[in-house]
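Enquirer: Could you have a look at this structure, given as structure tokens, before my questions?
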Amino acid sequence: MSFMYDKEDKQLEQLKDILLNGTQQDIDDIRILLNNEEKLAKKIDPILEKHVEVIRADFDNTYGKEVESIVVHTLENSPELLLKVISPMLGRLIKKYIGQQFQILRESIDQSVKKATSFGSIKSTIKEKLFGVKASDEYIAEFDKAQIAEVYLIERNSGILMGSFSRQNTIDRDMIGGMLTAIKGFVEDAINKGNESEDLEMIEYGNHKILIQNFYTYYVAVVISGTISASNRSELSDKILEFADKELSIISQSEINSKTSHISDKLEDWFK
Amino acid sequence: MISKKVILTGSFGVGKTSLFNKFVYSKFSDKYLTTIGVKVNKKVIKVGGEEMSILLWDIAGEVSQDKVPVSYFLGASGIIYVFDLTRAVTTKNMKEDIEYLRRLLPNGVIKIVGNKSDLVGQDIIEKVIAELALPCDLVTSAKTGENVEELFTIIGEELLVA
Ligand SMILES: Nc1nc2c(ncn2[C@@H]2O[C@H](COP(=O)(O)OP(=O)(O)OP(=O)(O)O)[C@@H](O)[C@H]2O)c(=O)[nH]1
Ligand SMILES: [Mg+2]
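Spelled out as structure tokens, the structure:
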């Protein structure tokens, strides 16, 4: 989607400019803006609409071929069906693009706030002073809130599921554990042949990410929907480490195999 | 419930996917769709009055097993090495393959299986088996279902005591 960046919206540029280089007055203005949903919507809606327009306008060029093949098969049958097929695709594209933009913006803000102070505690106080109770990045994150959709604890070699937590009813979880391990093994083993061993750490598809944290005999895979910032990501990573330390180091391997449901409950407690 | 990883491996076109599909879905097709990479599925079986969850890995066939990504084998408790009773070439690397798998999985239960028994007569089956470098554990047909359930029951029972 790099062609979008070239036409990056002027307004978005300005907003970034103010956020990154602004004076106290500017920042106060932004705080007011951010805390006022109506005003914020006024600013952001046109940007979003414009991006939607850009995607629409360029749709033919970029996605013409794929659409053509869908059209051939479905147009004969019913035009309504065609609409049904295309609109989720369009929706996903737009959602992903906007998600990316927000992530970039968020991380810039994170950085500039970090630059302003070197202590974590001071940072949060200043953040609160500047932006009210809600820190700016949290505010923006709300547009596309990252949510943990599923968590899997999987034995590293065999791919056998040791425990899992999921918000929705997915297909057989044992199978997911096996296939994830197979994909992971394939990437690490077949593609990476001859090189130093490196672990697969993330799989990305559409608006979802699977973050993988490897331990010696098992690994944790977290399925996330929405946009996750670098700092949220490292927080999650810390949480997984803490979980492993507190819940998994005290039970033996054989216990792990027989206590799948117990571990699943713990996963839910920690990651819900 | 205990879970065990069991792999189906061997040369290409010998009927690994067909055995997998017969076992998991009770289905057979004459079409040959070669497996790319690996496919994983699960079936719960009953052995010795206990339930056991078999996580079955259907691995893409390779002429020799050292071509398969090692990670597909690791952690497997059961190994089903399949050859094709109608194609002698699929037994050519059996000895080296089994030695290789044995080294990777010293405690694994290995079964050597001759598939497509429905296509050949008893006399041919006996002749093929007599010429093998290693003893054949079972003769199966993914098409008729001969010995398919039995294969997994035998493995399940051995894994239970292993
Ligand atoms: N008659 C008969 N045909 C079989 C049997 N098992 C497999 N076949 C046929 O043999 C062909 C290959 O079967 P697959 O199960 O795809 O073989 P595979 O070992 O998975 O092959 P790869 O994935 O390429 O390694 C297909 O056309 C199957 O229909 C059998 O027991 N009897
Ligand atoms: Mg196959």
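Listed in order, the protein sequences are those of chains A and B. Here the first sequence is numbered in the numbering used here, starting from 1090 and rising by one per residue. Here the second sequence is numbered in the numbering used here, starting from 77 and rising by one per residue. The C-beta atom is built at its ideal place from N, Cα and C for all residues, glycine as well. All values derive from a computational prediction rather than experimental measurement.
(1) B:Asp160: buried (16+ other C-beta within 10 angstroms of its C-beta) or exposed?
(2) Should B:Lys192 and B:Phe104 be called a contact, given that it needs their Cβ atoms to be closer than 9 angstroms?
(3) Within its chain, find whatever has a CB closer than 8 angstroms to the CB of B:Val146; leave out the 5 residues flanking it on each side and keep chain order.
(4) Measuring only from the beta carbon, is B:Lys103 closer than 8 angstroms to any heavy atom that is part of ligand 3?
(5) Can you tell me whether A:Phe1332 is helix, strand or coil according to DSSP?
(6) Thinking just about the alpha-carbon of each residue, which of A:Ile1144, A:Asp1288, A:Arg1245, A:Thr1316 is nearest to the one in A:Ile1237?
(7) Using only the heavy atoms of ligand 1, determine whether one of them is closer than 8 angstroms to the beta carbon of B:Lys80.
(8) Give the secondary structure of A:Ser1242 by DSSP, where H, G and I count as helix, E and B as strand, and everything else as coil.
(9) Just to confirm, is the Cβ distance from B:Ile188 to B:Arg178 under 9 angstroms?
(10) Measuring from each Cβ to the nearest heavy atom of ligand 2, keep the ones under 7 angstroms and list them in chain order.
(11) Taking the continuous alpha helix (DSSP H) assigned at B:Asp213, which residues delimit it?
(12) So what's A:Ser1197 in DSSP terms, helix, strand or just coil?
(13) Closest by CA to A:Gln1192, which one among A:Ala1235, A:Phe1304, A:Gln1114, A:Ser1253?
(14) Under the three-state reduction of DSSP, which class applies to A:Ala1310: helix, strand or coil?
(15) Rank B:Leu84, B:Lys122, B:Phe88, B:Ser102 by C-alpha distance to the C-alpha of B:Met77 and give the top, closest one.
(16) Compile a chain-ordered list of the residues in the segment 169-187 of chain B whose CB is closer than 9 angstroms to at least one CB of chain A.
(17) Ligand 1 and A:Lys1241: does the residue's C-beta get closer than 8 angstroms to at least one heavy atom of that ligand?
(18) Taking the continuous beta strand (DSSP E) assigned at B:Tyr157, which residues delimit it?
(19) Give the interface partners of A:Glu1045 over in chain B, defined as CB-CB distance under 8 angstroms, in chain order.
(20) Just checking: is the beta-carbon of B:Ser79 within a distance shorter than 9 angstroms of some beta-carbon in chain A?
(21) Closer than 8 angstroms is the cut-off here; do at least three beta carbon pairs connect the segment 84-104 of chain B with the segment 120-136 of chain B?
(22) Please classify A:His1162 as buried or exposed, where buried requires at least 16 other C-beta atoms within 10 Å of its C-beta.
(23) Measuring straight from C-alpha to C-alpha, what distance separates B:Leu109 and B:Asp134?
(24) If you count every other CB in all the chains shown that lies within 10 Å of the CB of A:Thr1243, and 16 or more means buried, which is it?
(25) Could you work out which residues of chain A lie near B:Ala152, taking near to mean beta carbons separated by less than 9 angstroms?
(26) I need the straight-line Cα distance from A:Asp1147 to A:Leu1250, nearest angstrom please.
(27) Determine the closest residue to A:Arg1262 out of A:Lys1273, A:Glu1239, A:Val1276, with distance taken between C-alpha atoms.
(28) Starting from the C-beta of B:Asn223, find all residues in its chain whose C-beta is less than 6 angstroms away, skip the five residues before and the five after it, and write them out in chain order.
(29) Below 9 angstroms on C-beta distance, what does B:Leu131 contact in chain A?
Expert: Short version:
(1) So B:Asp160 ends up on the buried side.
(2) With contacts defined as CB atoms closer than 9 angstroms, B:Lys192 and B:Phe104 fail to qualify as a contacting pair.
(3) If we look at B:Val146 and ignore the five residues flanking it on each side, its Cβ neighbours are Leu180.
(4) Ligands displayed in this structure: ligand 1 and ligand 2; ligand 3 is not among them.
(5) Assignment of A:Phe1332 by DSSP, reduced to helix, strand and coil, places it in the helix class.
(6) Taking only the C-alpha atoms, the option nearest A:Ile1237 is A:Thr1316.
(7) Here the distance from the Cβ of B:Lys80 to the nearest heavy atom of ligand 1 is not below 8 angstroms.
(8) Inspection of the sequence shows that residue 1242 of chain A is occupied by Leu rather than by Ser. A:Leu1242 falls in the strand class under three-state DSSP.
(9) Between B:Ile188 and B:Arg178, the C-beta spacing is not below 9 angstroms.
(10) Put simply, the residues with a CB less than 7 angstroms from any heavy atom of ligand 2 are B:Lys92, B:Thr93, B:Thr110, B:Thr111, B:Asp134, B:Ala136, B:Gly137, in chain order.
(11) Here B:Asp213 belongs to no alpha helix (DSSP H), and DSSP marks it neither H nor E.
(12) Three-state DSSP puts A:Ser1197 in a helix.
(13) The residue with the shortest Cα to Cα distance from A:Gln1192 is A:Ala1235.
(14) DSSP places A:Ala1310 in strand when its eight states are reduced to three.
(15) The residue from B:Leu84, B:Lys122, B:Phe88, B:Ser102 with its alpha-carbon nearest to that of B:Met77 is B:Lys122.
(16) Taken residue by residue, none of the segment 169-187 of chain B has a beta-carbon sitting less than 9 angstroms from a beta-carbon on chain A.
(17) Note on identity: in this sequence residue 1241 of chain A is Tyr, with Lys being the wrong assignment. A:Tyr1241 Cβ: outside cutoff for every heavy atom of ligand 1.
(18) Where B:Tyr157 is concerned, the enclosing beta strand (DSSP E) stretches over 154-160.
(19) Only positions 1090 to 1361 of chain A appear in the structure, and residue 1045 of chain A is not among them; the question remains open.
(20) Residue-level contact check: B:Ser79 touches chain A, since one or more beta carbons of chain A fall below 9 angstroms from its beta carbon.
(21) With the cut-off at 8 angstroms, the segment 84-104 of chain B and the segment 120-136 of chain B touch.
(22) Counting Cβ neighbours within 10 Å, A:His1162 comes out exposed, since fewer than 16 surround it.
(23) Roughly 13 angstroms between the two C-alpha positions.
(24) Looking at the sequence provided, one finds Ile at residue 1243 of chain A rather than Thr. With 16 or more other Cβ atoms within 10 Å, it is buried.
(25) For B:Ala152, the chain A residues whose C-beta falls within less than 9 angstroms of its own C-beta are Asn1246, Ser1247, listed in chain order.
(26) Straight through space, the alpha carbons of A:Leu1250 and A:Asp1147 are spaced by roughly 44 angstroms.
(27) Comparing alpha-carbon positions, the option among A:Lys1273, A:Glu1239, A:Val1276 lying closest to A:Arg1262 turns out to be A:Glu1239.
(28) The beta carbon of B:Asn223 lies closer than 6 angstroms to those of Leu214, Thr216 in the same chain, with the five residues before and after it left out.
(29) Neighbourhood of B:Leu131 in chain A, by CB distance below 9 angstroms: Ser1247, Gly1248, Ile1249, Leu1250, Asp1263, Met1264, Gly1266, Gly1267, in chain order.
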